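Here the first sequence is numbered in my numbering, starting from 1 and rising by one per residue.
Virtual Cβ for every residue (Gly too), placed ideally from N, Cα, C.
Quick caveat: nothing in here was measured; it's all calculated off a predicted structure.
To start, the structure under review is shown below, and the notes come after it.
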Amino acid sequence: MRVRFGPSPTGITHLGSARTALYNYLLAKQTGGQFILRIEDTDQKRYDPAAENDLINSLKWLGLSWDEGPDVGGDYGPYRQSERKALYQEMAEKLVASGDAFYCFCSKEELDAQRQEQKRNNQHLRYAGTCRHISLQEAQARVAAGEEYVIRFKMPKEGTTKVVDSIRGEIEFENATLDDYILVKSDGLAVYHLATMVDDHFMKVTHVLRGEEWIPTFPLHARVIRALGWEEPEWVHLSLFLKPSGKGKMSKRDTEAMQQSGESIFIRDMMAMGYPPEGVINWVALMGWSYDDQTEFFTMDELIKKFSIEKLSAKNAAIDFKKLDHFSGLHVRNLSTEELAGRIRPFIEAEGYRVDEDTLLKLTPLLQPRLITLDEVPNWVRFIFEDEVTPGVEDLVPNGMDAATALAVAKGMLIILEEARALTHENIEQPIRDLAVEMDLKLGQVFHVLRMAVAAQAVTPPLIESMELLGKEKTIKRLKDGVHLLEELVNGASDE
RNA sequence: GCCCCCAUCGUCUAGGGGACUAGGACGUAGCCCUUUCAAGGCUAAGACCGGGGUUCGAAUCCCCGUGGGGGUACCA
1 MRVRFGPSPT
11 GITHLGSART
21 ALYNYLLAKQ
31 TGGQFILRIE
41 DTDQKRYDPA
51 AENDLINSLK
61 WLGLSWDEGP
71 DVGGDYGPYR
81 QSERKALYQE
91 MAEKLVASGD
101 AFYCFCSKEE
111 LDAQRQEQKR
121 NNQHLRYAGT
131 CRHISLQEAQ
141 ARVAAGEEYV
151 IRFKMPKEGT
161 TKVVDSIRGE
171 IEFENATLDD
181 YILVKSDGLA
191 VYHLATMVDD
201 HFMKVTHVLR
211 GEEWIPTFPL
221 HARVIRALGW
231 EEPEWVHLSL
241 FLKPSGKGKM
251 SKRDTEAMQQ
261 SGESIFIRDM
271 MAMGYPPEGV
281 INWVALMGWS
291 YDDQTEFFTM
301 DELIKKFSIE
311 KLSAKNAAID
321 FKKLDHFSGL
331 HVRNLSTEEL
341 AGRIRPFIEA
351 EGYRVDEDTL
361 LKLTPLLQPR
371 LITLDEVPNW
381 VRFIFEDEVT
391 PGVEDLVPNG
401 MDAATALAVA
411 KGMLIILEEA
421 RALTHENIEQ
431 PIRDLAVEMD
441 LKLGQVFHVL
451 RMAVAAQAVT
461 PPLIESMELL
471 GKEKTIKRLK
481 DGVHLLEELV
491 NGASDE
């Protein structure tokens, strides 16, 4: 099985592309075939070199490696359509010679005017056929004379075109509703409709998985291939992704608004936010595909084993970022401590903190069940790496407790910590429990005082283990500061 | 306008004539566990778009309607 992913380098790689690439990749791996990366850059005007770079990074991050492509080469190159111009021209001329295509000399202005007219009369918006009947000799003469031209496919005016999609079955189109699509632009470069059909043939692509937005031009593609006397690949049209509301495709406005609220369909953003690629893959794989009525957790290896075209859905799917978070958390937890630690490190260092391997390895298990994305790490561990911490006095006193009691708790804690050889679970957990019992307080309240004093935040990883990482000296210093603050609060209150 | 695709809980989906009292997951609510927050466990609410057929029997097959989506470029 030979499959390809043919992105056009015009924008940032997003979810839709990622899924198409993924499914293609899975099929290739599953069958021991090849996954081809082909850059479809036939539109000079929209070409963006940054986009190609982003594409490569995104695919690599997701773990989708290709067997043939512009960077790795292969037996069927070049893998960049702009470098295959002559081939397309040759095939286009073949189509002209066989009467399946024709030269068209209509100017954009004329065509535009025609469209306006058709729109006014509520007619189908289609090429009027002006140059359809110009004789080949005359057309060739005009071309030779240097007149600007495009090459259009000559769509039959009668009959139907039947095509077969693997998940939808047969689809039939009335030829009369189809257009004489342009195959070669006036700049001499083929458009998608010709270029990818030609490439798929010469690159021996056996299965085409592409977005559903190609169904309207599906009959054109089939006819181009048939006119050239080639065999069609198996066609699979993937359903589209809709915005979270389910109302329509994602627009530029939508994606920008999304990024404002910390969500994004761009792979590079997910990378930056610290989503594990495994989670993104699992999530996106399940948008439009399912395995059975129970299984939802998949690693790449499992997807390679279990993916199948038959289980693909034709229904468009609304993007659900909550579900991405779910899969993200699942895969964070599925990572080994060492692996997760390695991925967490850059997020800690990006904050300007230095962390030794031993500390990192002890810290990671504390974080593992709590993380959705890795960019949350700094907020969890900041108090461990900062030299000082400044809790608000009022925050030191738990709800439903008075300042004097909080002070007593803090003092009690101080004694416990000072007496402990090291701040380990075995050394201090029981004494803390005893303290709570003695003072007739809930364990949570007692911990709250300690937590606020040591971390200056109400939510932390397990406190005892965190204090062990912080070190006895810093911990006690902070607790003492807390005691002072509470003393001031208590004294101040009694002064009034 | 015209062409095409699609239609099960809010969302992603299982289901391909009887196994359906319609299953799972996310989210939501509650409970358990618990030093905070999570994680984990349990429970609950929640869907077959409408109408006609076909059939002994339809979520499943057909038709119409409605709704949603896509296309309608010298973009892909």
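Verify whether the separation of the beta carbon atoms of residue i and residue j is less than 7 Å.
{"i": "Asp54", "j": "Thr13", "result": "yes"}
{"i": "Ile267", "j": "Ala50", "result": "no"}
{"i": "Leu367", "j": "Phe347", "result": "no"}
{"i": "Glu514", "j": "Pro378", "result": "Coverage of the chain is limited to positions 1 through 496, which leaves residue 514 absent and any answer about it impossible."}
{"i": "Asp100", "j": "Lys154", "result": "yes"}
{"i": "Arg80", "j": "Gln34", "result": "no"}
{"i": "Asp180", "j": "Arg152", "result": "yes"}
{"i": "Ala176", "j": "Lys157", "result": "yes"}
{"i": "Ser166", "j": "Ile309", "result": "yes"}
{"i": "Leu37", "j": "Phe5", "result": "yes"}
{"i": "Val490", "j": "Ala404", "result": "yes"}
{"i": "Gln114", "j": "Ala97", "result": "no"}
{"i": "Ala317", "j": "Leu303", "result": "no"}
{"i": "Leu111", "j": "Gln118", "result": "no"}
{"i": "Leu463", "j": "Arg451", "result": "yes"}
{"i": "Pro244", "j": "Ile319", "result": "yes"}
{"i": "Pro233", "j": "Thr206", "result": "yes"}
{"i": "Leu371", "j": "Val397", "result": "no"}
{"i": "Gly63", "j": "Pro277", "result": "yes"}
{"i": "Glu172", "j": "Thr160", "result": "yes"}
Thinking just about the alpha-carbon of each residue, which of the options is nearest to the one in residue i?
{"i": "Arg210", "options": "Asn24, Arg2, Ala422", "result": "Asn24"}
{"i": "Lys472", "options": "Leu64, Val437, Glu419", "result": "Glu419"}
{"i": "Leu324", "options": "Glu83, Ile384, Gly279, Lys243", "result": "Gly279"}
{"i": "Arg168", "options": "Tyr149, Val236, Lys305", "result": "Val236"}
{"i": "Cys106", "options": "Arg120, Gln118, Pro70, Ile182", "result": "Ile182"}
{"i": "His326", "options": "Lys45, Thr424, Tyr275", "result": "Tyr275"}
{"i": "Thr337", "options": "Ile464, Glu488, Gly159, Lys362", "result": "Lys362"}
{"i": "Ile432", "options": "Pro461, Val409, Thr460", "result": "Val409"}
{"i": "Ser313", "options": "Ser328, Arg333, Glu349, Phe241", "result": "Phe241"}
{"i": "Arg354", "options": "Arg382, His331, Leu125, Glu376", "result": "Arg382"}
{"i": "Asp41", "options": "Val150, Tyr103, Leu136, Leu194", "result": "Leu194"}
{"i": "Pro9", "options": "Thr31, Gln44, Leu22", "result": "Gln44"}
{"i": "Glu388", "options": "Lys60, Thr475, Trp283", "result": "Thr475"}
{"i": "Gly246", "options": "Lys85, Lys315, Val483, Leu441", "result": "Lys315"}
{"i": "Asn399", "options": "Leu238, Gln445, Phe385, Leu360", "result": "Gln445"}
{"i": "Gly73", "options": "Ile171, Met203, Pro461", "result": "Met203"}
{"i": "Glu386", "options": "Ala455, Val164, Glu68, Phe102", "result": "Ala455"}
Name, in chain order, the residues that DSSP records as bridge partners for residue i.
{"i": "Thr359", "result": "Its beta-bridge partners do not exist; DSSP assigns none."}
{"i": "Phe5", "result": "Leu37"}
{"i": "Cys106", "result": "DSSP output for Cys106 lists no bridge partner at all."}
{"i": "Arg210", "result": "His237"}
{"i": "Ala101", "result": "Phe153"}
{"i": "Leu242", "result": "Ala318"}
{"i": "Leu312", "result": "Trp289"}
{"i": "Glu170", "result": "Val164"}
{"i": "Phe266", "result": "His14"}
{"i": "Ile182", "result": "Arg152"}
{"i": "Ala190", "result": "Val184"}
Tell me whether residue i is buried or exposed, calling it buried when 16 or more other Cβ atoms sit within 10 Å of its Cβ.
{"i": "Ala503", "result": "Outside the modelled stretch of the chain, which goes from 1 to 496, sits residue 503, for which no answer is possible."}
{"i": "Ile416", "result": "buried"}
{"i": "Glu52", "result": "buried"}
{"i": "Pro369", "result": "exposed"}
{"i": "Leu500", "result": "Residue 500 is absent from the structure shown; the chain starts at 1 and stops at 496."}
{"i": "Asp71", "result": "exposed"}
{"i": "Glu496", "result": "Any reading at Glu496 needs caution, since the residue's pLDDT is 45, under 50, leaving its predicted position unreliable; the model's value is listed next. Glu496 comes out exposed."}
{"i": "Val198", "result": "buried"}
{"i": "Arg478", "result": "buried"}
{"i": "Thr424", "result": "exposed"}
{"i": "Glu138", "result": "exposed"}
{"i": "Ala196", "result": "The sequence shown places Thr at residue 196, rather than the Ala named in the question. Classification for Thr196: buried."}
{"i": "Val459", "result": "exposed"}
{"i": "Arg421", "result": "exposed"}
{"i": "Phe297", "result": "exposed"}
{"i": "Pro216", "result": "exposed"}
{"i": "Gly412", "result": "buried"}
{"i": "His484", "result": "exposed"}
{"i": "Asp75", "result": "exposed"}
{"i": "Ser264", "result": "buried"}
Just checking residue i against the ligand ADP - is the residue's beta carbon closer than 6 Å to any of the ligand's heavy atoms?
{"i": "Glu256", "result": "This structure does not include the ligand ADP; it has no bound ligands of any sort."}
- prompt: Curious, which full-length beta strand (DSSP E) runs of at least 3 residues does the segment 403-480 contain?
  reply: none
Any beta strand (DSSP E) of 3 or more consecutive residues that is wholly inside the segment 122-167: 150-153, 160-165
task: Could you pull out every unbroken alpha helix (DSSP H) segment of at least 4 residues lying fully inside the segment 7-79, listed in chain order?
output: 15-31, 49-62
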